[in-house]
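Note that my numbering has the sequence shown beginning at 19, numbered continuously upward. A virtual CB, placed ideally from N, CA and C, is assigned to each residue, including glycine. Bear in mind that the values here come from a model prediction, so they are computed numbers and not experimental data. Notes follow the structure.
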Amino acid sequence: MPARPRLLYVTDLSYPARGRRYCDEDIALSARLRADFDIALCHPLDAAALMGTFDAVVVRNSGPVLHYQQEYEAFRARALRDGVPVYNPLHGRGDMAGKQYLLDLTAAGHPVIPTVDSPEQVAALPDSELYAVKPKAGADSVGLEFLPRARLAGLDGGDLLIQPRVDFRYEVSFVYVDDAFQYALHAPDPERRWELVPYEPTGADLDFAGRFIDWNTLDHGIQRVDACRTRDGELLLVELEDLNPYLSLDRLPDDRARASFATALAGSLHRFLDAG
């Protein structure tokens, strides 16, 4: 491995995200990583063609895969075929593999928003005035709608997820590099979910988040555990983001916190490259 490994940093700098600026985060984070690596930024549609000349591919804010599913599958297949290291590694069990994990975690009794994928299974869910219905391949709330139980019967099962609409106090996200907790952010107002502020987790909060990090079995990578706090005070998993989680680094309290995250990420990337 060269003294300064070459990284292909995959990002969609033009992706329009409500209340967030993907481009700012990736420009700033990739600039910090240049202290340790030679980095080139590229659009996700160009990654498969370019990755062969780099030591590793780092997938960051590349946007929802459902907008370019065929090209993403080709990228994955080529990286696996050619042995190109991809960070996060491609064997993640969370959003990287689709939403099946929500069904698996529900069946295993983990603290997750109860989830089924068929109208015939709705009786197993808690009663709710409305149910969230979204595509298994969805992201960024694409295709999400809320329906009363009477309208669920006509839905096609298999490609949809159905969950009771949870009356929660707030959402909170826990960010990890490898298995090390980095920081937490939360949205005090459920109606303004992108207005995040720093959150000081309790030991119980970290136990909650850590169980999903352990479950995912990724030795290297950035993971974000998204949860909601119910009116009863319980945390329930909303999503386990392990493909390209937005980090909201601009919401951290100061530049030292952002530098600390970049240092942790650089260390993880070095370990990832050494292990390969």
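Pairing ASP44 with ASN79, the inter-Cα distance amounts to about 7 Å. For ASP56, the three-state secondary structure derived from DSSP is strand. Here PRO62 is buried: its Cβ has 16 or more other Cβ atoms, across all protein chains shown, within 10 Å.
The three-state secondary structure of ILE240, taken from DSSP, is strand. Segment contact: the region 96-104 against the region 226-233, fewer than three CB-CB distances shorter than 8 Å; contact not assigned. Between the alpha carbons of TYR27 and VAL243 lies a distance of about 23 Å. Cβ neighbours of GLU163 within its own chain (closer than 7 Å, five residues either side excluded): VAL151. Counting the other CB atoms within 10 Å of its CB gives THR133 a total of 16 or more, which places it among the buried residues. Counting only the Cα atoms, HIS109 lies some 20 Å from LEU25. Counting other Cβ atoms within 10 Å of its Cβ, THR220 stays below 16 and is therefore classed as exposed.
Three or more pairs of CB atoms, one per stretch, sit closer than 8 Å, so the region 201-211 contacts the region 182-192. Boundaries for SER146: no alpha helix (DSSP H) harbours it, and the DSSP string shows neither H nor E there.
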